[in-house]
Amino acid sequence: MFLLATFLASAVTATSLAKLGCTTDTVHAGVSTNGTIRMNENPLLPFDSPMTDGFNSTVGEEWSFEAVSEDGKAGMGWMLSRGTIAGHPLAQRSIITIVWPNGTRYMESDFADVSTIQMCKDSTIGTWSNETSGMNWSFESSNDYSHTVVTIESATIKGTITLDSLSPAVYPNGLVYPDRRGNALFAPYIYWAETVPVATTEVNLVVNGTPYTTKGIGGRERNWNSFNWASLSLTWNMLRATAGPYTLMAWVYTSKVDGQTYFASMIMEGKKVVFRTQEREASKTSTFGSFDLAYGGAVHLTSDPSGEPLPPSKHTGYVLEMVDPEVNKHWKFEIDYTQTVYLFPSSNVTRVGGFVGALKGGLVGGPQYLGRASGNVQDMI
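Just so we're aligned: the sequence shown equals residues -18 to -1, 1 to 363 in mature numbering (1 follows the signal peptide of the UniProt record, and there is no 0).
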């Protein structure tokens, strides 16, 4: 159910642009919405739409992206957000993190004065801008999510990133958008929509005069939350990957709200979901899976030497298994980290990290494939 609350006139507007057949939603930094703010629970609302009916000191929503190079040696993550994030209330933020093949890292966070989401018949355009600093970040996506272009313009970064989807947009329960049975509520107060689970990517950036150019895979997703991540989340591990004919998505998340662990995983071949589950308990009749830490690899997640030192991660990757007893299929994939994209504190007791990696696997007893992965993790310091 998606109900409209009373907006402050200067906070959020939805103006019909009749001649273009578009609507535009505009949010200004620092302006709060009066009254109750509700999260979107309508499964048929397009995933790039604004998913809250306003903002206050706790509400936030995000458009998040990732990319890993073909050789697994370079990677990046970036995010555009509205509302309260990382201790900044009512903000309009962009953040980008990059790692080069030689291990050099770069991270930049900037704040916009205003963000707009323009929704048209065939495409959606999001823009975050700051007239003082000159920053202008935007994404433009076809409304079938097949093609996305991100454009970055700031004092330090210029260029574009493209994503061409290999897999369909899905809900946490693995159903393909649009589906009335889809449910974006993944865990208490955590909403999630996987807009592009896996895509081919092409990155053409110049960062402080240094080129950053890669081709590989990546993806993008949406989150919208009633409260900030630090108050809701204890730990998580998230992965997107491709290997042979398969594209993969998995997330295991432990909530600080109820102490329970929530899980979702899916396998896709082309635009078809061939496996989906939210169950971790073994069954003889229904699908289940596991997403476990692995410790035998060579690369641990590490903090940037130029920043606050943190102990390296104990784990070095994952083992992802998915079982469908009805058709007697068991997939297994082993993932090893190849580079740390970022690792920094997310609270007094937790840290959040991004990674790129290599994987191998497939059907147990069947052909085995090599591939690439990217993802993120929150664990205890």
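Glycine included, every Cβ here is placed at the ideal spot set by N, Cα and C.
Name the DSSP bridge partner or partners of residue i?
i	result
Pro83	Partner(s): none; Pro83 has no beta bridge.
residue 365	Outside the displayed span of the chain (-18 to 363) sits residue 365, for which this structure offers no information.
Asn310	The partner list for Asn310 (beta bridge, DSSP) is empty, contrary to what the question assumes.
Asp361	Arg333
Ala225	Tyr228 and Gly353
Val178	Arg202
Gln321	Val338
Gly289	According to DSSP, which records beta bridges pairwise, Gly289 is partnered with nothing at all.
Thr34	Met21
Arg75	Ser63 and Phe93
Asn219	Val234 and Val359
His70	Ile67
Phe326	Val334
Asn186	Thr142 and Thr195
Val158	Val152
Tell me the rounded alpha-carbon separation between residue i and residue j.
i	j	result
Ala11	Thr217	29 Å
Pro294	Met231	25 Å
Lys296	Asp318	13 Å
Arg258	Phe29	20 Å
Asn38	Val178	28 Å
Ser149	Tyr228	9 Å
Leu72	Arg64	7 Å
residue 367	Gly200	Residue 367 is absent from the structure shown; the chain starts at -18 and stops at 363.
His129	Thr332	35 Å
Lys342	Leu302	10 Å
Pro25	Cys102	19 Å
Ala175	Ile99	17 Å
Pro170	Asn205	13 Å
Pro291	Val185	29 Å
Ser105	Glu122	7 Å
Ser328	Ser120	26 Å
Arg75	Thr6	19 Å
Val334	Ala49	17 Å
Phe(-17)	Tyr153	Residue placement at Phe(-17) is flagged as unreliable, the pLDDT there being 34, under the threshold of 50; the coordinate-derived value follows with that caveat. Phe(-17) and Tyr153: Cα-Cα distance of roughly 17 Å.
Gly3	Val9	20 Å
Ser265	Leu214	30 Å
Met304	Pro287	37 Å
residue 423	Tyr351	Residue 423 falls outside the range modelled here, since the chain spans only -18 to 363, and no answer is possible.
Thr192	Asp306	47 Å
Ser247	Gly353	17 Å
Which two residues bound the contiguous alpha helix (DSSP H) that contains residue i?
i	result
Ser105	Taken as a continuous stretch (DSSP letters only), Ser105 belongs to no alpha helix (DSSP H), being part of the beta strand (DSSP E) at Ser105 to Ser111.
Ser213	Trp211 to Leu214
Assuming the contact rule is C-beta atoms closer than 8 Å, residue i and residue j should be a hit. Round their C-beta distance to whole Å, please.
i	j	result
Ile67	Gly42	5 Å
Thr133	Val189	Thr133 to Val189, Cβ: 15 Å. No contact.
Asp146	Thr182	5 Å
Gly336	Gly59	5 Å
Trp45	Met61	7 Å
Ser111	Asp95	7 Å
Val234	Asn219	5 Å
Starting from residue i and walking both ways along the beta strand (DSSP E), at which residues does that stretch end?
i	result
Leu302	Gly299 to Asp306
residue 388	Shown here, the chain extends from -18 to 363; a query on residue 388 therefore has no answer.
Glu52	Segment: none, Glu52 is in no beta strand (DSSP E) and carries neither H nor E.
Gln242	Unbroken run through Gln242: none, as it is neither H nor E.
Tyr194	Thr192 to Asn207
Gly271	Phe270 to Ala276
Asp7	Cys4 to His10
Arg64	Gly57 to Ile67
Ser123	Asn118 to Ser124
Gly168	The residue asked about is misnamed: residue 168 is Phe in this sequence, not Gly. Per DSSP, Phe168 belongs to the beta strand (DSSP E) from Leu167 to Ala169.
Ile134	His129 to Glu135
Val96	Val96 to Met101
Ser147	Ile139 to Ser147
Can a CB atom of chain C be found closer than 9 Å to the CB of residue i?
i	result
Gly59	This model lacks chain C altogether, as it is built from one protein chain only.
Can you tell me whether residue i sits near the ligand HEM, meaning its C-beta is under 8 Å from at least one heavy atom of the ligand?
i	result
Tyr173	Questions concerning the ligand HEM fall outside what the structure shown contains, since it holds no ligand whatsoever.
Notebook entry, point to check: So does the segment 351 to 359 actually touch the segment 217 to 230, counting three or more Cβ pairs closer than 8 Å?
Noted result: With a cut-off of 8 Å on Cβ pairs, the segment 351 to 359 is in contact with the segment 217 to 230, counting three or more such pairs.
Next item on the list: Please confirm if the segment 50 to 66 is in contact with the segment 81 to 91, defined as three or more CB-CB distances below 8 Å between the two stretches.
Entry: Judged by Cβ distances under 8 Å, the segment 50 to 66 makes contact with the segment 81 to 91, as three or more pairs qualify.
Note to self: Does the structure place the segment 257 to 273 close enough to the segment 317 to 331 that three or more beta carbon pairs sit under 8 Å?
What the structure shows: They do not touch, by the three-pair rule.
Notebook entry, point to check: Touch check for the segment 140 to 160 and the segment 245 to 256: three-plus C-beta pairs under 8 Å?
Noted result: Touching, yes.
Note to self: Below 8 Å, how does it come out for the segment 133 to 146 and the segment 166 to 173: are there three or more Cβ pairs, yes or no?
What the structure shows: Taking a contact to require three or more Cβ pairs closer than 8 Å, the segment 133 to 146 and the segment 166 to 173 do not qualify as touching.
Next item on the list: Could you tell me whether the segment 336 to 350 touches the segment 307 to 315, where touching means 3 or more Cβ pairs closer than 8 Å?
Entry: Cβ pair count under 8 Å is three or more, so yes.
Checklist line | Touch test, the segment 235 to 246 against the segment 276 to 285, Cβ-Cβ under 8 Å, three pairs minimum | finding: Segments in contact, no.
Notebook entry, point to check: Counting pairs of Cβ atoms below 8 Å between the segment 183 to 197 and the segment 208 to 217, do you hit three or more?
Noted result: Look at the beta carbons and you see the segment 183 to 197 not touching the segment 208 to 217: under three pairs across the two are nearer than 8 Å.
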